[in-house]
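A.B. asks:
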Amino acid sequence: MIAHGPGRSGFTLIEMMLAMSVAAVIVTASAGLMRYVDAADGRLARRFEDAATLGRARRAFDLAFSSLLAAPDPEPAPVVPGRPADPERGRFREEPEDPERPPLFDLGPTDPDDDGPLAPRKIEAILKRSPIPGELVGADMIHGAFEIVPYRLEPFFSERGALSWAVLWTPLSPRGDTVVLAQALEYAAWEALNDDMEWNPAHQATEVGDYPRAIHVELTAWSGARADWLFAPTPEAREDLK
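Taking our numbering, the leading residue of the sequence shown gets 527, the next gets one more, and so forth.
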């Protein structure tokens with residue numbers, strides 16, 4: 527214990543150094559706490575932002591899968607007096623009339639020759655209207671594609687710049703601008719349920735009856751926001767769906 531002489535006031539050098547050390551510890555701890563709070567607030571804000579973005583993406587998928595093009599009803603075969611009716615006339619042919627015509631629905635790799643783990647994937651479809659609210663098409667139907675494509679992650683989530691994914695919508699015919707529905711995704715995948723009740727990463731429909739029974743879409747953002755959706759084609763496009 528340090529004794530003070532009669533009438534002496536103030537602090538000794540040791541006491542001042544001790545007080546300064548304690549103050550430095552408090553300031554350092556406070557600064558670290560503020561940085562932690564700021565980082566937590568940033569992560570929370572980004573998670574809310576990503577959740578809102580995924581909500582808008584869900585709306586686009588919902589609009590698309592509820593407007594899949596349904597082929598018109600076949601016209602009845604004309605009957606000529608004195609001539610038997612041809613049962614094949616007025617019916618749809620199983621083979622496409624135009625080999626260049628795109629399928630009504632095509633879920634699978636964007637490049638059929640590249641089906642690796644980093645290969646872009648697509649859901650290409652012919653729709654009665656655009657899945658993007660406010661997008662003017664200028665046609666009775668639209669041929670477009672959703673795509674999962676590689677996207678380079680910003681350092682906000684990873685110092686290594688880990689590879690992540692983005693989901694796009696691109697009108698193919700009539701041609702339009704690509705819309706980014708979601709980005710900075712840690713995981714993105716989709717699959718289709720066929721008539722045998724099996725989930726497959728590839729599915730193609732050339733006729734209305736070939737549409738999948740359901741489409742499963744799963745997206746996870748690096749911020750932690752997650753989406754797990756199940757869509758069914760509209761009953762107008764698949765009349766046998768109950």
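C-beta: ideal position from N, C-alpha, C; glycine also.
Report yes or no: do the segment 734 to 745 and the segment 709 to 716 share at least 3 C-beta pairs separated by less than 8 Å?
C.D. replies: A contact exists between the segment 734 to 745 and the segment 709 to 716.
A.B. asks: Using the three-state DSSP reduction, which class does E670 fall into: helix, strand or coil?
C.D. replies: Taking the first residue of the sequence shown as position 1, residue 670 is located at position 144. Per the sequence shown, residue 670 should be read as Gly rather than Glu. Collapsing the DSSP output to three states places G670 in a strand.
A.B. asks: Could you give the DSSP three-state label for I649: helix, strand or coil?
C.D. replies: The sequence position of residue 649 within the sequence shown is 123, counting from 1. Three-state DSSP puts I649 in a strand.
A.B. asks: Grab me the residues of L719's own chain with a C-beta within less than 6 Å of its C-beta, minus the 5 sequence neighbours each way, in chain order.
C.D. replies: In the sequence shown, the residue the question calls residue 719 occupies position 193. Cβ within range, chain order: W725, P738, R739, A740.
A.B. asks: Please identify the residue among D736, E541, E733, P727 whose C-alpha is closest to the C-alpha of P638.
C.D. replies: Locating residue 638 in the sequence shown gives position 112, where the first residue counts as 1. Cα-wise, what sits closest to P638 is P727.
A.B. asks: Please classify P610 as buried or exposed, where buried requires at least 16 other C-beta atoms within 10 Å of its C-beta.
C.D. replies: Taking the sequence shown and counting its residues from 1, the one referred to as residue 610 is at position 84. Residue placement at P610 is flagged as unreliable, the pLDDT there being 48, under the threshold of 50; the coordinate-derived value follows with that caveat. The residue in question, P610, is exposed, as its Cβ has fewer than 16 Cβ neighbours within 10 Å.
A.B. asks: Can you find the residues in the same chain that come closer than 6 Å, C-beta to C-beta, to S592, ignoring five residues on each side of it along the sequence?
C.D. replies: If you number the sequence shown from 1, residue 592 lands on position 66. So the list reads T760, once near-sequence residues are dropped.
A.B. asks: State whether the segment 751 to 758 contacts the segment 644 to 658, with contact taken as three or more CB pairs (one from each stretch) at a distance under 8 Å.
C.D. replies: no
A.B. asks: For A577, which three-state DSSP category applies?
C.D. replies: Taking the sequence shown and counting its residues from 1, one reaches residue 577 at position 51. Three-state DSSP puts A577 in a helix.
A.B. asks: On the three-state DSSP scale, how would you describe D736?
C.D. replies: As a working note, residue 736 is residue 210 in the sequence shown. Helix, per DSSP.
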